[in-house]
Structures are given as C-alpha cells and as structure tokens.
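**Student:**
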Amino acid sequence: MQSLRPHIGSCSQATRRLLLTPTTASPASTVVNSSRQSCLSSERKAAYSTQTSVDNGSLVQTTPRRPLSKRTPVCGPCNPRSSRALPWATKGRSSYSTEAAGSQQPVVHDVFETKTGTWQYVVADPATRTAAIIDPVLDYDPATQAVTTKSADALIALVKDKGYTVDLILETHAHADHLTASSYLQNRLAQEQGRIPIIGIGKRIGRVQQLFANRYGVPADEYEGVFDKLFEDDETFNIGELEATAMHLPDNVFCGDSIFHADIGTARCDFPGGSASDLFKSGRRLLSLPDHVKIWTGHDYPPAGRDAPVPWMTVAQHRQRNKHLKDGTTEEEFVAMRNERDAGLAAPRLIHQSLQVNIRAGRLPKPTDAGLRMLHLPLKPKTLEW
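Numbering-wise, full-length UniProt numbering puts 85 at position 85 of the sequence shown, and it's gapless, one number per residue.
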C-alpha cells in the first residue's frame, strides 16, 4: 500500500488564450459529463457547437433552454464554425475563452493540465453566469505521494475572475490516468460561493465502482452514494439557461478519451468491459455529426511534428484525417488495429491510484488507525517464489 500525504498547493496563475467563438449558429454546444461513458452536449442556438466527451458509459450534450430543431451529441464541448482559425495552444499553459459570441451562446474555457495531458473544461451560461466544471484534475506526485491542488485552484481562480457560480461538477468517467478534484472543488466552492455544487456522472458508474472496489478492497461506505447525481441516458438538465442531455455511448472506456486528435487517433479499449467494436461504432457515431461541430478531447499527447496541445478538432477534420477512424475505415480493420496496438501498451502510469480515488468521486481514503490514508498497489511477481 502507498501512503498519501495530502497538502494544499498554492493557486497557480493560468495563462490565458482567447478561444474564438463561432459567429454562425449551431444546434448545440456541449459539455462533458458522465461516469462510464457519458458526454454532455449543450444545444444553444449559434454558440459553442454541440458535443462533449465520452466517458465510461454516456455522452452529455448541453443545449439552450429554447427548443431547437435537433440535438447533436459530441465528444467534448464544441463550437460551430468560426470565422477565424483557432490558434494552437501553447504547450504547458492553460488556455480558455474570454467571452462568448453572443448572449445565447455558452462560453467554453479549456484548461490543459500538462503532467497528465488532461483537458479540463469550464462551460458557462453567459446569461446567468452559471457554470459547470468538467473533469478537474487533482495533482498527485507518485514519487512523494503528495496530493496538491494547484490545478484545481487555478480553476477556482478562473471561475472567480469571470464571476461564475458553479452549480455542477461533471465527470465523464472514472479516469484511469489522473485523480479527480471533484470533491475538493465541491468543498472549496461551497465555501467561496455559499452554494454547494453537485457532482454528477453517468448512471453506469455503479458497475465500475463495484468492479474496482472489489479489486482494491475499497469499503462500500467509501464509494456508495458519493456522486450526487447519476444521469440517466437522454436525461436533460440545466446549466443556467442551457439545457443539457446525458447520452450513452456503449462500452467505451473513456468518454473524453474515446477519440483523440486526428494525428493520434483513438483511445485504448483494453480495460475491463472495453470493446474495440463498440469504440468504432461510438466513434463513427460522433463523426456522423455535422462537419462544423468541434470535438473536444479529454487528453492530448502531441506527437512529433506538433509542438502544442489543442483542445478540439472538427468532425470534418476527423473524417478526413483521423488515423484510426477516417472515412473509408472498416470496423474489421479498426478492431484488428486496435486490438493489436492495445496488446503492446503498458498500463497507465497512475491507473491504480486514479481508480481508487475516482470511484470515491475524488474523496481520499479514510485514515487508518495510524492516521495514514492508504492506497493499494498490486505487485506482479509473475513466477517468482521464495
């Protein structure tokens, strides 16, 4: 077992970059939400485009309260087309939009956490200044076991700077690559704004919790009921005057991690319950959306030739260039490629620590009699015996 030494890190100053907001109308703008594969997409007329990321089980879309002709789910908050190209984000910096194109459009702030390559999002309704935070990161150093809150404090600073009230903290899934800061943010924001935001995730999180609780010996009272809201498939809810819809993409391992950028392709699907075939179907479902819709990814790992992380690409770009899912790729080809590739991948660096904290909605393990908070790490002795 590993001992955690939690302490509060200093608030970081986020470096800002203007995220251009499209000027043309779009059927929806999206926010990520869910536990097992869930995405959040908001459909607001003429604003950030419609989709969100896929988590361990559903997709969530946000939409304005005003009725629209159709809802478009997507992975990650998106905008419709923009009159100018979005500039590349600078590596290692937090970037976010500073204003929406109009009062009917949601504002999406994207903040990149460099150590785990995670995109965090703040989606706000400019009319009410109500916001949701998606996939916040709790900083963890595996060498020292220190848990700090620099990344989460930067999100709080952003929210305060913009004058937002956070009503929702949304998890796209139980992440296996970073610890969530949902519980920390819930407590801090309750103090800051005098109102407790709820933590939400897709309804299938229960299966994930039971699976990994059994594996790591997590007591039931430390994971049951830790999420305030479990979203049903196609359930609607509000972020201010934005209306959101929870949508399910079957058997994906990650919501925000199902599709990466075109030069990376797709996420692995060799985790328990994962399916390359289902990932192909879910990915092609996302790519059936209108060409202008932006897909916001949960992670980015810039390959050689690309110097900076980028939060989104359009459906059209993915259909033309995604190395795993572009038009013309068959399901058989994809499944064969994905299975062969996954067979050679090592486990995520923080998989054991992440899952044990994330199935608790970001709460740390209860202290032992000695006052230590412990995580279990499995050994792999293979054939060694003595």
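The beta carbon of each residue, even a glycine, is placed where N, CA and C say it ideally should be.
Bridge partners of MET313, per DSSP?
**Tutor:** ILE295
**Student:** Excluding the 5 residues flanking THR116 on each side, which residues of the same chain have their C-beta closer than 8 Å to its C-beta?
**Tutor:** Contacts found: VAL137, ASP177, HIS178, HIS299, LEU350.
**Student:** Just checking my contact of SER354 with HIS173 at CB under 8 Å: how many whole Å lie between their CB atoms?
**Tutor:** 11 Å between Cβ atoms; not a contact.
**Student:** Anyone know if the C-beta pair for TYR184 and THR149 falls short of 8 Å?
**Tutor:** yes
**Student:** Beta strand (DSSP E) containing ILE201: first to last residue?
**Tutor:** 198-202
**Student:** One question on the structure: do ILE295 and THR130 come within less than 8 Å of each other, judged by their Cβ atoms?
**Tutor:** no
**Student:** Taking buried to mean at least 16 other C-beta atoms within 10 Å of its own C-beta, is GLN320 buried or exposed?
**Tutor:** exposed
**Student:** With a 10 Å radius around its C-beta and 16 neighbouring C-beta atoms as the bar for buried, classify LEU364 as buried or exposed.
**Tutor:** Classified as buried, LEU364 has 16 or more neighbouring CB atoms from the shown chains inside 10 Å of its CB.
**Student:** Secondary structure at ALA46, three-state DSSP: helix, strand or coil?
**Tutor:** With a pLDDT of 27 at ALA46, under the threshold of 50, the modelled position of this residue cannot be trusted; read the value that follows with caution. Three-state DSSP puts ALA46 in coil, outside helix and strand.
**Student:** Please work out which residues of its chain come closer than 6 Å, Cβ to Cβ, to TYR164, disregarding the five sequence neighbours upstream and downstream, and give them in chain order.
**Tutor:** ALA124, ARG129, ALA131
**Student:** Would you say GLY283 lies against chain D (beta-carbon separation less than 8 Å)?
**Tutor:** Included in the structure is just one protein chain, with no chain D present.
**Student:** Who are the Cβ neighbours of ALA276 in its own chain at under 7 Å, not counting the five residues just before and after it?
**Tutor:** CYS269, PHE334, VAL335, ARG338, ASN339
**Student:** So, are the CB atoms of PHE260 and THR297 less than 8 Å apart?
**Tutor:** The answer is yes: Cβ separation under 8 Å.
**Student:** Look up GLU224 in the DSSP assignment and say whether it is helix, strand or coil.
**Tutor:** coil
**Student:** Would you kindly check if the distance between the Cβ of ILE169 and the Cβ of ASP186 is under 8 Å?
**Tutor:** A small correction: the amino acid at residue 186 is Gln; Asp does not occupy that position in the sequence shown. Against a cut-off of 8 Å, the Cβ pair of ILE169 and GLN186 comes out as a contact.
**Student:** For LEU155 versus ILE133, is the C-beta distance shorter than 8 Å?
**Tutor:** yes
**Student:** Since ALA262 contacts HIS352 with CB under 8 Å, what's their CB separation in whole angstroms?
**Tutor:** A Cβ-Cβ distance of about 31 Å is found for the pair ALA262 and HIS352, leaving them out of contact under the 8 Å criterion.
**Student:** Is the CB-CB distance between LEU345 and GLY265 below 8 Å?
**Tutor:** Their beta carbons are not under 8 Å apart, which means LEU345 does not touch GLY265 by this criterion.
**Student:** Between the Cα of GLN193 and the Cα atoms of ASP161, ASP228, GLU222, which residue gives the shortest distance?
**Tutor:** The option with the nearest alpha carbon to GLN193 is ASP161.
**Student:** To the nearest angstrom, how far is the alpha carbon of ARG215 from that of ILE196?
**Tutor:** 32 Å
**Student:** Just the Cα atoms here: how many angstroms apart are ASP153 and ASP139?
**Tutor:** 10 Å
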